[in-house]
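Here the structure comes first, spelled out in structure tokens, and everything after it is commentary.
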Amino acid sequence: MTELEYFLGLDYNTWWFLVVGAVFSGYAILDGFDMGAGALHLFIKGDENRRIAFNAIGPVWDGNEVWLVIGGGTLFAGFPEVYATLFSAFYIPIILFLVLLIFRAASIEFRSKEEMSWWRTTWDVSYCISSILLAFILGILLGNVMQGIPLDSDFEFAGHWLGFLNPYAIIVGFTTLALFMMHGAIYLSLKTKGKLLTKVTHFVRYTVIGFVIMFIILSFYTMLYLPEQTQIFKEHPSLFIVPILMVLTISNITRLIAHRKYFPAFLFSGITICLLLIVAALNLYPNILVSTVAEANTLNIYNAAASQKSLGIMLTIASIGAPLAIFYSLFVFWVFRGRVELDEHSY
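Take any residue in the sequence shown, count from 1 to its spot, add 522: that is its number in our numbering.
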């Protein structure tokens with residue numbers, strides 16, 4: 523085995539595990555709110571209100587998806603064996619995910635091109651359904667990665683794609699959908715005003731309740747049927763601080779919304795997503811893709827990593843590129859800050 527290189531006490535493999543996790547967390551926070559807003563779209567009544575909802579995410583939705591591309595790139599660069607196995611095993615769900623991304627983009631771009639009611643309703647339905655399914659599929663993928671998939675000794679997928687629709691993954695799928703709907707409702711509260719804002723604040727309350735219910739169901743199912751995923755907390759009780767912080771941040775969201783502090787509520791919603799993914803990362807580390815066939819077939823940060831030299835070079839590049847990507851996202855959000863005002867150039 524190649525001798526490991528270290529930086530600040532952590533080996534390069536662990537650093538790259540953190541980089542991949544951070545990028546996908548960024549994607550979940552950024553694209554999560556526009557998926558959530560889309561999932562709520564049909565609950566918003568009236569053409570003008572729906573146009574406002576479209577324009578709330580209009581300037582940022584495509585930029586948010588760049589983080590998905592960056593996530594795929596970092597996974598390929600750092601752990602090429604995981605990238606190959608993951609995209610091969612989840613080929614059908616990933617293709618479906620990409621098709622739904624296209625439908626959602628087409629809905630946003632085409633809806634306001636014609637005045638006919640049936641035309642706009644069709645794209646409204648397309649936008650809402652594709653947003654719901656996108657969030658659900660992300661949860662299905664995460665659920666299967668968390669509990670493991672059948673990998674043979676060549677690290678190749680040895681199951682059937684219908685096996686991805688197992689009870690645990692479906693619960694994670696609905697939990698992800700509920701989380702994104704809460705996140706999207708909070709984002710819409712930042713961008714709307716008047717009667718629509720009042721309606722959206724009701725959405726926030728209902729979606730927070732929905733997410734908490736799904737989170738409790740997921741937690742009980744995990745403890746009863748997948749106790750190995752709670753092993754990390756039994757070995758290191760201090761890590762219970764992460765789920766405790768998650769409960770506190772969710773509780774704080776409704777308080778902030780009641781006090782009309784929409785931006786802090788949005789930040790806490792993003793922190794909730796981060797904490798949920800940190801729990802997932804704690805359960806996985808140092809594994810990335812667990813084999814349910816044999817432990818020796820599991821892909822981890824050591825047997826699936828690029829060379830130490832490659833990881834070192836890419837960490838340098840990431841330390842320069844990551845701040846630039848973050849700055850770009852912050853700049854876009856700053857430019858398009860404030861509540862939506864419709865004009866002739868709006869969607």
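Every residue, glycine too, gets a C-beta built ideally from N, C-alpha and C.
Shortest alpha-carbon distance to residue i belongs to which of the options?
i, options, result
"Ser652", "Val582, Gly543, Ile671, Phe625", "Phe625"
"Thr744", "Pro759, Pro672, Ile693, Gly681", "Ile693"
"Pro749", "Phe733, Tyr690, Phe702, Ile779", "Tyr690"
"Thr814", "Pro672, Lys635, Ile659", "Pro672"
"Ile795", "Ala544, Ala550, Leu532", "Ala550"
"Leu664", "Ala787, Asn825, Leu699", "Leu699"
"Phe565", "Leu718, Ala578, Ala780, Ala627", "Leu718"
"Ser799", "Gly685, Met668, Ser851", "Residue identity differs from the one stated: residue 799 is Leu in this sequence, not Ser. It is Met668 whose Cα lies nearest to the Cα of Leu799."
"Asp569", "Glu637, Asp533, Ala561", "Glu637"
"Glu866", "Gly531, Leu526, Ile574, Leu530", "Ile574"
"Phe849", "Glu757, Gly548, Val621", "Gly548"
"Val588", "Leu846, Asn571, Thr838, Leu712", "Leu846"
"Gln751", "Gly661, Leu806, Leu821", "Leu806"
"Phe733", "Gly670, Tyr869, Leu837, Val769", "Val769"
Reducing DSSP to helix, strand and coil, say where residue i ends up.
i, result
"Phe904", "No statement about residue 904 is possible, as the shown extent of the chain runs from 523 to 869 and does not include it."
"Ser813", "strand"
"Asp865", "coil"
"Phe755", "helix"
"Leu673", "strand"
"Tyr824", "coil"
"Leu530", "coil"
"Phe696", "helix"
"Phe612", "coil"
"Phe858", "coil"
"Ser711", "helix"
"Ser829", "coil"
"Asn571", "helix"
"Ile842", "helix"
"Leu837", "helix"
"Asn688", "coil"
"Ile892", "Here the chain covers residues 523 to 869 and nothing more, so residue 892 does not appear."
"Leu540", "helix"
Give me, in chain order, the residues of the same chain whose beta-carbon lies closer than 6 Å to that of residue i; leave out the 5 immediate sequence neighbours on both sides.
i, result
"Phe539", "Ile823"
"Gly878", "This structure leaves residue 878 out entirely; the chain is present only between 523 and 869."
"Val647", "none"
"Phe619", "Ile659"
"Gly558", "Phe702, Met703, His705, Gly706"
Apart from the five residues just before and just after residue i, which ones in its own chain have a Cβ nearer than 8 Å to its Cβ?
i, result
"Val542", "Gly593, Thr596, Leu597, Gly600, Phe601"
"Glu858", "Here the sequence assigns Phe to residue 858, which means Glu is not the residue at that position. Contacts found: Pro581, Val582."
"Ile775", "Met704, Ile708, Val726, Val730, Ala787, Phe790, Ser791, Thr794"
"Asp898", "Beyond the ends of the chain as shown, which are 523 and 869, falls residue 898; an answer cannot be given."
"Leu590", "Tyr549, Asp553"
"Leu622", "Ser652, Leu655, Leu656, Ile659"
Along the chain, where does the alpha helix (DSSP H) containing residue i start, and where does it finish?
i, result
"His873", "The structure shown does not extend to residue 873, since the chain is modelled only from 523 to 869, so the question has no answer here."
"Asn774", "763–780"
"Val582", "Note, Val582: premise wrong, no alpha helix (DSSP H); not H, not E."
"Leu806", "784–806"
Short of 7 Å in beta carbon distance, which residues of its chain neighbour residue i, apart from the five on each side in sequence? Order them along the chain.
i, result
"Phe737", "Thr697"
"Ile616", "Phe609"
"Phe632", "Trp645"
"Gly860", "none"
Of all the alpha helix (DSSP H) runs that stay within the bounds of the segment 624–681, which reach a length of 4 or more residues?
-> 639–669
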